[in-house]
Amino acid sequence: MRASNLKGYQIPGHAERLIANLFADDTTVFLNADDDFNILQQILDKWCIASKAKFNIAETEIIPIGSSTYRAKVIQTRKTQDDKQPLPEWLHIAVEGEAVRILGAWFGNNISEASVWEPTLEKIDTSLDCWNKSSPTMEGRRHIVQMVIGGMTQFLTQVQGMPEQIEKKVKKRIWNFVWAEKEKSPVNKETVHGPIEDGRRAVLDIEARKKAIDIMWMRSYLTFGEDRPLWAKVADALFALHSPRNVTEENVDKRIKLNPILQTWKTLPKRSTNTAAIDDLQRIIKTIKDFKIRQEGLAYSREILREMPIWLHGHANARICLLNRSAASKCLKKENHHNLRTVGQAEDLAAHLQEEEHEADSLCQCQQCIWISTTYQCLNPHACMTRAKALLDTLPPKWDPRQTQPEDHEPLHAPTSEEKDITVFDTRITVRGTLTDTFRIFTEGEDNESISVIPPYQGPAQEPTVIATDGSCIENGRETARVGAGIYFGNHDLRNKSMRLPKNMFKRITKATNRIKQSPLEQSNQTGEVVAAREAIELAPRDAILRYRHDFER
Numbered sequence: 001m002r003a004s005n006l007k008g009y010q011i012p013g014h015a016e017r018l019i020a021n022l023f024a025d026d027t028t029v030f031l032n033a034d035d036d037f038n039i040l041q042q043i044l045d046k047w048c049i050a051s052k053a054k055f056n057i058a059e060t061e062i063i064p065i066g067s068s069t070y071r072a073k074v075i076q077t078r079k080t081q082d083d084k085q086p087l088p089e090w091l092h093i094a095v096e097g098e099a100v101r102i103l104g105a106w107f108g109n110n111i112s113e114a115s116v117w118e119p120t121l122e123k124i125d126t127s128l129d130c131w132n133k134s135s136p137t138m139e140g141r142r143h144i145v146q147m148v149i150g151g152m153t154q155f156l157t158q159v160q161g162m163p164e165q166i167e168k169k170v171k172k173r174i175w176n177f178v179w180a181e182k183e184k185s186p187v188n189k190e191t192v193h194g195p196i197e198d199g200r201r202a203v204l205d206i207e208a209r210k211k212a213i214d215i216m217w218m219r220s221y222l223t224f225g226e227d228r229p230l231w232a233k234v235a236d237a238l239f240a241l242h243s244p245r246n247v248t249e250e251n252v253d254k255r256i257k258l259n260p261i262l263q264t265w266k267t268l269p270k271r272s273t274n275t276a277a278i279d280d281l282q283r284i285i286k287t288i289k290d291f292k293i294r295q296e297g298l299a300y301s302r303e304i305l306r307e308m309p310i311w312l313h314g315h316a317n318a319r320i321c322l323l324n325r326s327a328a329s330k331c332l333k334k335e336n337h338h339n340l341r342t343v344g345q346a347e348d349l350a351a352h353l354q355e356e357e358h359e360a361d362s363l364c365q366c367q368q369c370i371w372i373s374t375t376y377q378c379l380n381p382h383a384c385m386t387r388a389k390a391l392l393d394t395l396p397p398k399w400d401p402r403q404t405q406p407e408d409h410e411p412l413h414a415p416t417s418e419e420k421d422i423t424v425f426d427t428r429i430t431v432r433g434t435l436t437d438t439f440r441i442f443t444e445g446e447d448n449e450s451i452s453v454i455p456p457y458q459g460p461a462q463e464p465t466v467i468a469t470d471g472s473c474i475e476n477g478r479e480t481a482r483v484g485a486g487i488y489f490g491n492h493d494l495r496n497k498s499m500r501l502p503k504n505m506f507k508r509i510t511k512a513t514n515r516i517k518q519s520p521l522e523q524s525n526q527t528g529e530v531v532a533a534r535e536a537i538e539l540a541p542r543d544a545i546l547r548y549r550h551d552f553e554r
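Residue 409 in full-length UniProt numbering sits at position 409 of the sequence shown; the count goes up by one each step and never skips.
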C-alpha cells in the first residue's frame, strides 16, 4: 500500500503520507477522497495470494471523515467523490452515532461517550456483586476495587478518555463497594484515598488516575524531534485551524503555526460536528494550565536553542510580531523559497552578513548571495539576511544561540574523583538533549529569562575548605516536630553556626506586585541538612573549593 499510488493522508510536518496502521491481525487503512477503493482491493487480493493469508472482508467497516455534509453524502450515495465508483455493497459504512471498535477503542462520528462506557460499567457491576457475596474485609475491598474497577477502566480511559458523568458513576461504585452500601461513610475521602504510610487506606482514586493519564498524554505530545508521535503532529495542525476570531490571530500566517506551546499564537478549539478530536485538544490545553507545564531551566544547549521556532518565538520580545509581514518575511516563509522555520536556520542565514565578501546591497554579487538567489529563488538575499538577524535580535540572551552561554565554560561530562569517599558536585546547569527535555511540571512564579555566565576559576590551585554540616529534628514525623541545622568550619572559627528553622517559609511570587506566598516548611533531618549546605555556601569564599562532611559519612 505504501508503494502504491494511493494518496492517503498528508500530515503537516510529516514527510511520509499516512496510508495504513497495522497491529497484529488488525489493519486500519486511511484513504483520501480521491483514492479508488478498487485499487486498494487489488493490492489486498495480490497480498493474500502471495502470503497465503486472507482478509476478513465481512468485517470491513468504513468511517467517513470530513464535514457533516460530506459524511451524509458518502453514506447516502456510497461515493467519496461524484466521479468515483460506488463502494461495494458488502462494505458497511458507519452512520452518525455508530461506534466502530479499533484495537479496543471506539471511533465514529458524533458517538455517545456514555454508550461506549455502558458495557464496561455493566461488567463492573456484575463482578462487584459476585465479590460482595464473599463478605470481604476493608483491605479485601480495597484490593477488589483496584483489580476490578481499576483493571477494567484503565485502558479505556487511556485511549478513550473518561467523561465527567462516567467518572461520577465510577466514583459512586467505588464508594458504595468500599463501605458496603452504607448510607454515610465514617471517614472523609482524603483518608480513604491517601497513602497507607500516612495512616490512610490507599483506595483507588479515579480522579487522580485520570489526571495522571492526561499528564502522560501531555508528555507524549511534548516529545519533539524524530520521535514525535504522528498524533501530536495532527494535534498541532488542528490547533492551528482553531485560532480565536480576532484581527491579531487572523493575520498570523498558518504556515508558521508550528506549536502553540513553543510559540505565542493562540488556539481556541470549540466543539464542532466537523471533528471529534476537540475534546482531546481541550484536554491538552487544560492539562498544561492545571499542572503549570512550561519550558523552564537555568540554561539550554545551543542545539536546543536552534531547534526552537523563530516565528512568534515563545520567549522573544513582543517586537517579533511586527516582523512577519514584509516582503523579506514572506520570502523567508515560502516553502519553495527559504522555508525558514527554526532559530538555527535564521542564525545560519544571518551569519552571511558578517562575511567579508558580502555587501549591504540588494544587488550584492558575493558567492553566498548568488547561491541563495539561485537555490531559493530569492530576489533580495541581503534583505532576507537582515530580516533573519532582526528576528534573532528579539530573543533574550538566554534563548539566543549567538550569545555566550554557560555551556561554553562547562565540561561535556560530569566531574569525578579518584577518592572513593568523595562525590564531586556537578556544577553544570545547561539542559541538554532536545526540546522535549526543556519542559517542567508544577512550575511556580515567573519564568526567569535572565542568564548568568560564570567563567571557570583560573587562579592558583587551592586546598579544599572542609565543612561539616548536619541537620537535626526532634519529634520527627509529628506536628510538633522542630528542626535545626549546624555548620562547622573548624575550632574557634567565627563562621561556625547553628540555627533553628521556622515552620513556614516565605517566597515572592511576582516582582511586579511584590506578592508574598507563605507555605509550610517540612520539619525533617533532610530539610536541616539542605539548609545547612545552602548556608555554608554563603559563608565560604566565592572561589573556594568546598568539601562537605555530612552526618551520614561518620
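Glycine residues also receive a C-beta, built at the ideal position from the N, C-alpha and C atoms. Bear in mind that the values here come from a model prediction, so they are computed numbers and not experimental data.
S326 carries a coil assignment under DSSP once its states are collapsed to helix, strand and coil. Apart from sequence neighbours up to five positions away, the residues of its chain that approach T223 with a beta-carbon distance below 6 Å are T436, ordered along the chain. Excluding sequence positions up to five before and after L312, its CB lies within less than 6 Å of the CB of Q263, T264 and W265, all in the same chain and listed in chain order. Residue nearest to F442 within the set I65, F291, K171 and N176 is F291 (criterion: CA-CA distance). Residue environment for N110: exposed (fewer than 16 other C-beta atoms within 10 angstroms of its C-beta). Going by beta carbons, A388 and A350 fall inside the 9 Å limit. Within the same chain, and ignoring the five residues on either side of R141 in sequence, the residues whose Cβ sits closer than 7 Å to its Cβ are F177 and V178.
Membership of G486 in the beta strand (DSSP E) is indicated by the continuous run R482 to Y488.
A distance below 7 Å between beta-carbons, with the five flanking residues on each side excluded, links N496 to the following residues of its chain, in chain order: I487, Y488 and F489.
Here G528 is buried, its C-beta having at least 16 other C-beta atoms within 10 Å.
Rounded to whole angstroms, the separation of the alpha carbons of L379 and D393 is 23 Å. Counting every other CB atom within 10 Å of its CB across the protein chains shown gives R2 a total below 16, marking it as exposed. Annotation for L22: the continuous beta strand (DSSP E) segment containing it runs A20 to F23. In the three-state scheme derived from DSSP, where H, G and I count as helix and E and B as strand, H409 is classed as helix.
Under the Cβ criterion (8 Å, minimum of three pairs), the stretch 81-99 does not count as touching the stretch 134-148.
Around the Cβ of H413, a 10 Å sphere holds fewer than 16 other Cβ atoms; the residue is exposed.
Membership of L305 in the alpha helix (DSSP H) is indicated by the continuous run R302 to E307. One thing to note: I206 has its Cβ no nearer than 9 Å to the Cβ of V159. In this model, A346 and L258 are separated by some 16 Å (Cα to Cα).
For I75, same chain residues with a beta-carbon under 7 Å away, outside a window of 5 residues either side, are P64, I93 and V95 in chain order.
Ranked by Cα distance from C473, the options A327, A485, N339 and P464 are led by A485. For the pair T465 and P541, the CB atoms are nearer than the 9 Å cut-off. Here A114 carries a helix assignment [DSSP, helix/strand/coil]. With distances taken between CA atoms, A544 lies nearest to Y457 out of N56, E303 and Y457.
By the Cβ test, the stretch 417-426 is not in contact with the stretch 319-330, since fewer than three Cβ pairs between them sit closer than 8 Å.
The stretch 177-197 makes no contact with the stretch 238-247: fewer than 3 CB pairs, one atom from each, lie closer than 8 Å. Closest option to R302, judged by alpha-carbon separation, among K182, D400 and W117: D400. K334 and V343 have their C-alpha atoms some 16 Å from each other. In this structure, the alpha-carbon of K517 lies about 56 Å from that of C369. In this structure, H337 sits away from H358, with a CB-CB distance that is not shorter than 9 Å. Assignment of C366 by DSSP, reduced to helix, strand and coil, places it in the coil class.
By the beta-carbon neighbour count (other beta carbons within 10 angstroms, threshold 16), V431 is buried. Taking 9 Å as the cut-off, the Cβ atoms of F107 and A114 do not count as close. Runs of beta strand (DSSP E) with 3 or more residues, each lying fully within the stretch 37-121, are found at 100-102 and 105-107, listed in chain order.
For D470, the three-state secondary structure derived from DSSP is strand.
Contact between L230 and V145 is absent: CB atoms are separated by about 36 Å, not below the 8 Å threshold.
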